[in-house]
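Following: one structure in structure tokens, then a few remarks.
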DNA sequence: AAACGTTTCAACCGCCAAGAT
DNA sequence: CATCTTGGCGGTTGAAACGTT
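This is the structure in structure tokens:
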């Protein structure tokens, strides 16, 4: 007999990337029962994941109102402004960017903004007139600004480096910017890797 | 075409605070 | 009041994607 009965009863916990099946289980469960008490939700839904993992997956990826990709220049300004104000309070910053998650903002900051901040000569956004010009360009830009999982069908956008946008004002006319939008082909990734359009397409097909 | 380096981002980890028991 | 559970947060990691040579 197992000297540690608890151990033998421990449910195997899955880690790593979520499969489409797991995503669907979670989406369907929350659609039927709502969010809350993530540990028991994970068990009740039959997911071999921790409550934490389920919560994270839902909040950062599966929620219908999650916006993905294309941090707009306006959003970047806001992130920079709020970060100056509050520091690494990502969740607080995220609350001011509807549809954006703290994780996404944190990643964006670290990979796109912070990196460039180490190269001060390239930064030019302190110039007031440049900022106004950029705001104008940004507002006239046809970049999608409110793409969410809810209307996410068929196309996924590869995020522009809007820092490059700021650093190369002349190079980024609105037209050129549009050309920078790289449309990825629908996912044909193997087995366990899925795009959200796959998931939500399935949901629609399922009539959910 | 292949090897190698770099970038991106989903997911995990550890810590903390709040609420429940 | 002490302990446990849960949720939330920020930091970090590692694999995949992408770019360069």
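Residue numbers (full-length UniProt numbering): 1 to 208.
All C-beta atoms in this analysis are idealised placements derived from N, C-alpha and C, irrespective of residue type, glycine included.
query	result
Beta-carbon proximity of residue 25 to residue 41, cut-off 8 Å	no
N-terminal and C-terminal residue of the alpha helix (DSSP H) that residue 102 is part of	102–108
Own chain residues within Cβ distance below 8 Å of residue 146, not counting five before or after	In this predicted model, residue 146 has a pLDDT of only 47, less than 50, meaning its place in the structure is not dependable; the value taken from the coordinates is given anyway. Contacts found: 67 and 99.
Proximal residues to residue 109 (C-beta, below 7 Å), its chain only, five neighbours per side dropped	79 and 83
Test item: CB-CB of residue 59 and residue 111 under 8 Å	no
Spatial distance of residue 70 from residue 96 (CA atoms)	16 Å
Close Cβ partners of residue 92 (< 8 Å) along its chain, the five nearest in sequence each way excluded	82 and 86
Cβ-based neighbour list, residue 51, same chain, cut-off 7 Å, excluding 5 preceding and 5 following	38, 39, 41 and 42
Contacts around residue 18, its chain only, beta-carbon distance under 7 Å, and the 5 residues preceding and following it disregarded	57
Pair within 8 Å by beta-carbon distance, residue 14 and residue 55	no
First through last residue of the alpha helix (DSSP H) which encompasses residue 28	20–33
Of the residues 63, 105 and 53, the one placed nearest residue 75, counting alpha carbons only	105
Extent of the continuous alpha helix (DSSP H) to which residue 78 belongs	73–86
Residue 45 beta carbon less than 8 Å from that of residue 61	no
Exposed unless 16 or more other CB atoms sit within 10 angstroms - verdict on residue 2	Any reading at residue 2 needs caution, since the residue's pLDDT is 35, under 50, leaving its predicted position unreliable; the model's value is listed next. Exposed, by the Cβ-count rule.
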